[in-house]
Amino acid sequence: MPVIVGAPRSGTTLLRLMLDAHPDLAIPPETSFVVAASALDESTDDARARFVDTVTAYPPHAPNWGDFGVAREALAEAVQGLQPFTVADGLRAFYRLYAQRFNKPRWGEKTPDYSFHIGVIGSMLPEARFIHLIRDGRDVAASWRQQWFTPGHDPEVLARAWVDRVQAARHAGLGNTHYTEVFYEDLVDRPEPVLRHLCQFLDLPWSNQLLNHQERAPLRLEEHRARISRDGSVVVSHEQRLRQQRRTMEGPSTGRIGSWREEMSEEEIRRFERIAGSLLIELGYEPAQ
1 MPVIVGAPRS
11 GTTLLRLMLD
21 AHPDLAIPPE
31 TSFVVAASAL
41 DESTDDARAR
51 FVDTVTAYPP
61 HAPNWGDFGV
71 AREALAEAVQ
81 GLQPFTVADG
91 LRAFYRLYAQ
101 RFNKPRWGEK
111 TPDYSFHIGV
121 IGSMLPEARF
131 IHLIRDGRDV
141 AASWRQQWFT
151 PGHDPEVLAR
161 AWVDRVQAAR
171 HAGLGNTHYT
181 EVFYEDLVDR
191 PEPVLRHLCQ
201 FLDLPWSNQL
211 LNHQERAPLR
221 LEEHRARISR
231 DGSVVVSHEQ
241 RLRQQRRTME
251 GPSTGRIGSW
261 REEMSEEEIR
271 RFERIAGSLL
281 IELGYEPAQ
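Residue numbers for the sequence shown follow my numbering, so the first one is 1 and each next one is one higher.
Structure follows, in structure tokens:
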């Protein structure tokens with residue numbers, strides 16, 4: 001089971017669509033509910049109902065259940081049949097229902113912020129294989145600050161957010177045979193060898209369809225529904241979400257590598273590198289300062 005993690009705007013959606021193009025593998029949009037579900041008490045009489053409530057109403061301010069095309073009733077029925085009930089098996093039931101929509105036998109996960117929760121997820125789902133997608137933090141910042149979900153526009157805030165996610169994933173993953181790292185720059189420049197490596201890591205037979213994800217990408221991204229808050233206001237529209245991922249509908253391109261050079265001022269680069277410079281160097285990126 002691949003679990004794709006990484007800082008937002010690192011190419012995780014691109015990688016999700018590439019792997020999802022495999023005839024045996026279905027990867028849903030970001031779930032975000034796995035960690036919340038992991039905290040549930042499995043021993044209570046209403047554990048199944050609370051699991052379904054948690055999964056289908058997360059995040060509480062603007063649930064994303066509509067993205068998955070799975071009926072709440074179908075999940076409740078599948079969970080009711082689990083004897084005994086565990087959160088891990090409840091999650092597997094969800095992933096299985098999602099994969100069945102596409103007649104695929106295997107499933108995966110892609111939620112960038114699970115970078116902070118590799119240990120929890122790995123303990124609960126030992127079949128998880130973590131793929132940490134890493135991109136030059138300056139390119140991440142230049143893209144992230146333009147999005148509706150940015151943590152801020154200050155380069156130091158963005159630097160800390162990138163460093164925190166990359167370091168959390170590496171701290172939990174390095175030395176673990178269930179963890180591997182992929183660099184965005186390699187993925188878009190040499191997709192076939194990178195994807196062949198990932199197929200070996202996942203014990204997945206090679207398929208040339210991995211190289212043509214763009215053929216199905218528009219259909220797959222249609223799943224990204226508008227996010228509506230509890231009070232009825234629109235957090236982000238369906239159209240905004242499509243625009244946010246428009247480049248993933250094309251074949252891989254190196255055109256965005258180094259975009260920070262044009263999109264960040266010298267002062268912004270200096271401030272970003274003051275926080276993130278040592279990690280950039282550790283990862284093999286050349287600092288500007």
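C-beta: ideal position from N, C-alpha, C; glycine also.
What you are looking at is a predicted structure, and each value in this text was computed from that prediction instead of being measured.
Assumed close pair residue i, residue j - CB separation to whole angstroms, cut-off 8 angstroms
i      : j      : result
Ala26  : Ala142 : The Cβ separation is near 32 angstroms, so there is no contact.
Glu181 : His132 : 5 angstroms
Ala71  : Thr54  : With 8 angstroms as the limit, Ala71 and Thr54 do not qualify as a contact, their Cβ atoms being about 17 angstroms apart.
Gly69  : Glu223 : 6 angstroms
Ala93  : Ala78  : 4 angstroms
Gly11  : Leu242 : In fact, because the Cβ distance is near 17 angstroms, the residues do not count as touching under 8 angstroms.
Leu211 : Glu192 : 6 angstroms
Pro287 : Glu273 : 5 angstroms
Proximity of residue i and residue j at Cβ, strictly below 8 angstroms
i      : j      : result
Gly122 : Trp162 : no
Phe51  : Val3   : no
Pro126 : Val5   : no
Leu97  : Ala74  : yes
Gln240 : His22  : no
Thr248 : Leu17  : yes
Gln80  : Arg48  : yes
Gln147 : Gln245 : no
Gln214 : Glu250 : yes
From the options, residue whose alpha carbon lies closest to that of residue i
i      : options                          : result
Arg220 : Ile275, Arg261, Pro8 and Leu15   : Leu15
Arg129 : Arg106, Ser253, Glu262 and Ala47 : Arg106
Pro8   : Arg160, Ala57, Thr177 and Ala76  : Arg160
Tyr95  : Val236, Ile134 and Pro28         : Pro28
Arg261 : Val236, Leu198, Gln289 and Ala76 : Gln289
Asp89  : Pro252, Asp164, Glu42 and Glu266 : Glu42
Ile257 : Asp139, Phe116, Pro63 and Phe85  : Asp139
Val120 : Pro59, Gly152, Ile134 and Ala168 : Ala168
Exposed unless 16 or more other CB atoms sit within 10 angstroms - verdict on residue i
i      : result
Ile363 : Given that the chain is displayed from residue 1 to residue 289, the structure contains no residue 363 and the question cannot be resolved.
Arg227 : buried
Pro205 : exposed
Asp46  : exposed
Asp203 : exposed
His171 : exposed
Arg145 : buried
Pro155 : buried
Thr254 : exposed
Val234 : exposed
Arg230 : exposed
Asp24  : exposed
Arg135 : buried
Continuous beta strand (DSSP E) stretch holding residue i: start and end
i      : result
Pro59  : That residue, Pro59, is in no beta strand (DSSP E); it is neither H nor E in DSSP.
His132 : Arg129 to Ile134
Phe183 : Tyr179 to Phe183
Val3   : Pro2 to Val5
Residue span of the alpha helix (DSSP H) that contains residue i, given as start and end
i      : result
His238 : His238 to Gln244
Glu215 : Segment: none, Glu215 is in no alpha helix (DSSP H) and carries neither H nor E.
Leu19  : Thr12 to Asp20
Glu30  : Unbroken run through Glu30: none, as it is neither H nor E.
Asp89  : Val87 to Gln100
Arg256 : Here Arg256 belongs to no alpha helix (DSSP H), and DSSP marks it neither H nor E.
The ligand SAM heavy atom lying under 7 angstroms from the CB of residue i
i      : result
Trp162 : This structure lacks the ligand SAM; in fact it carries no ligand of any kind.
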